[in-house]
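Positions 1 to 297 (this note's numbering) are the ones given, in order, by the sequence shown. So the structure is just underneath, and the comments pick up after that.
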Amino acid sequence: MSDGIVTATAADGSFSIVAGITTSLVRETQIRHELSPTASAALGRLLTGAALLGASLKGRERLSLQIASDGPLRGLVADVALEAPDTIGARGYSRRSHVDIPLNARGKFDVGGAVGRGYLHVTRSFEVGQPYVGVVPLVSGEIGEDLAAYLSQSQQIPSVVALGVLANPSGIGAAGGVIAQVLPGADESTVARLEELAAAMPPVTAQIAAGAGPRELALALAGELPLRFIGEYRVVFACRCSRERVEVALIGLGRDELRKIVAEQPQTEAVCEFCKKRYVLSRAEVENLIERLEARS
Ligand code: ZN
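Here's what the structure looks like:
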């Protein structure tokens, strides 16, 4: 099943659903960052959550989910933007890539233990105007619960979030998720009903491994309730780094630091933290940056 996301609403208008498969996205991220299985599970869940929320972006809007925490992973970042009206581009990284800690009491990757205690920061940048920034303390570090808490508390939209990554030493077997959100005016019992439905649903990764696509994931959460499907998106790994951005970052180091680099290094290397692409600048190119900096002042 290739990566994709669908959006739908309950036929009675009580809730919306966004469901998706992100196996290729998480697999590519795992390979680029050489993530350990526990780090893959953690970052994969965050990337999947970001991709699902990405279905609500418009035009050039961007959404970034950042976890700053005290566990061995130290923190995670995932961000998404529309590459095309029907294509969600996502990228992310873990501050520590090779963390592996013992499985938890249920025999699963201890994502909560690897993440630790901390905060989830959500930044939504619009085409014009100030970005929206929301911060909530982590509930468990298991990512799905933390995202649900953010949506329910900060956004005031009661939500149910199920995210799953099947990681093993040989790579990523499956990844995907479902987010259901109560719509304005819905009956107060809707949240409880959604929570019951989510609890009754087989694990997302088991469904994907058995061949489920995004629509099947949405239908599995909705149970007996009929859905009206609305949108369909592709999901791709996409990084926005460029040589120009690397140069701007280097210029940001300031003249003294750049002069030191020129004096000490025959060439300068910068690696994008999101996609691991290497950018190499020769001494002459760094000298050129100093000239650009001096021309400005
Ligand atoms: Zn990059």
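We treat Cβ as the ideally placed atom computed from N, Cα and C, and that holds for glycine.
Endpoints, the alpha helix (DSSP H) within which R245 is located: Here residue 245 corresponds to residue number 245 of the sequence shown, with the count starting at 1. Element bounds for R245: 243-251.
E304 to T38 span [Cα, whole Å]: Residue 304 is absent from the model: the chain starts at 1 and stops at 297.
Segments assigned beta strand (DSSP E), at least 3 residues, entirely inside the region 37-100: 62-69, 75-84, 87-94
Residue burial classification, D301 (beta-carbon count within 10 angstroms, cutoff 16): Only positions 1 to 297 of the chain appear in this structure, which leaves residue 301 out of reach.
Beta-bridge pairing of T9 - partner residues as DSSP gives them: Counting from 1 along the sequence shown, the entry for residue 9 is found at position 9. S16, R228.
Classification of V135 by the beta-carbon crowding that lies within 10 angstroms, buried from 16 upward: On the sequence shown, position 135 is the one that residue 135 refers to. With fewer than 16 other Cβ atoms within 10 Å, it is exposed.
Start and end residues, beta strand (DSSP E) containing N104: Reading the sequence shown from its first residue, position 104 is the one you call residue 104. First-last for N104: undefined, no H or E at that position.
DSSP-derived helix/strand/coil call for E264: For the purposes of this step, residue 264 is identified with residue 264 of the sequence shown, where counting begins at 1. Correct three-state label for E264: helix.
Ranges of the beta strand (DSSP E) found wholly within the region 154-185, counting only runs of at least 3: 159-168, 171-182
Min CB distance L47 to chain B below 9 Å: The chain inventory of the structure shown lacks chain B, comprising one protein chain alone.
Backbone secondary structure at T123 - three-state DSSP: Within the sequence shown, numbered from 1, the residue matching residue 123 stands at position 123. In the structure shown, T123 sits in a strand (DSSP, three-state: E or B).
heavy atom of the ligand ZN below 8 Å from R62 C-beta: As a working mapping, residue 62 is identified with position 62 in the sequence shown. No; taking the cut-off as 8 Å, the Cβ of R62 has no heavy atom of the ligand ZN nearer than that.
Endpoints, the alpha helix (DSSP H) within which V111 is located: In the sequence shown, the residue the question calls residue 111 occupies position 111. Its alpha helix (DSSP H) spans residues 111-115.
Backbone secondary structure at R193 - three-state DSSP: Here residue 193 corresponds to residue number 193 of the sequence shown, with the count starting at 1. In this structure, R193 counts as helix in the three-state DSSP scheme.
Residues proximal to the ligand ZN by C-beta, any heavy atom closer than 6 Å: C239, C241, C272, F274, C275, K277
DSSP-derived helix/strand/coil call for E282: For the purposes of this step, residue 282 is taken as the residue at position 282 of the sequence shown. It should be noted that the sequence gives Ser, not Glu, for residue 282. Three-state DSSP puts S282 in a strand.
Of the residues I21, R95, G13, I208, the one placed nearest Q181, counting alpha carbons only: On the sequence shown, position 181 is the one that residue 181 refers to. For the residues I21, R95, G13, I208, the minimum Cα distance to Q181 belongs to G13.
Endpoints, alpha helix (DSSP H) assigned at P131: If you number the sequence shown from 1, residue 131 lands on position 131. Taken as a continuous stretch (DSSP letters only), P131 belongs to no alpha helix (DSSP H), as it is neither H nor E.
Spatial neighbours of V262 in its chain, beta-carbon cut-off 8 Å, leaving aside the 5 residues before and after: Mapped onto the sequence shown, residue 262 falls at position 262. Once the five neighbours on either side are set aside, the close Cβ partners of V262 are R283, V286, E287, I290.
Within 9 Å, strictly: CB atoms of S94 and L76: Stepping through the sequence shown from its first residue, residue 94 is reached at position 94. Stepping through the sequence shown from its first residue, residue 76 is reached at position 76. Yes.
L57 beta carbon less than 9 Å from that of L82: By one-based count along the sequence shown, residue 82 stands at place 82. By one-based count along the sequence shown, residue 57 stands at place 57. Yes, these two residues count as a Cβ contact at 9 Å.
Cut-off 6 Å between Cβ atoms - residues of its own chain near L147, not counting five sequence neighbours on either side: For the purposes of this step, residue 147 is taken as residue 147 along the sequence shown, with counting starting at 1. Cβ within range, chain order: G49, V161.
Residue of A220, L53, Q267, R27 minimising C-alpha distance to P169: Here residue 169 refers to the residue found at position 169 of the sequence shown. Nearest option by C-alpha distance: R27.
Proximal residues to L258 (C-beta, below 8 Å), its chain only, five neighbours per side dropped: As a working note, residue 258 is residue 258 in the sequence shown. Only L250, I251, V286, L289, I290, L293 meet the Cβ criterion.
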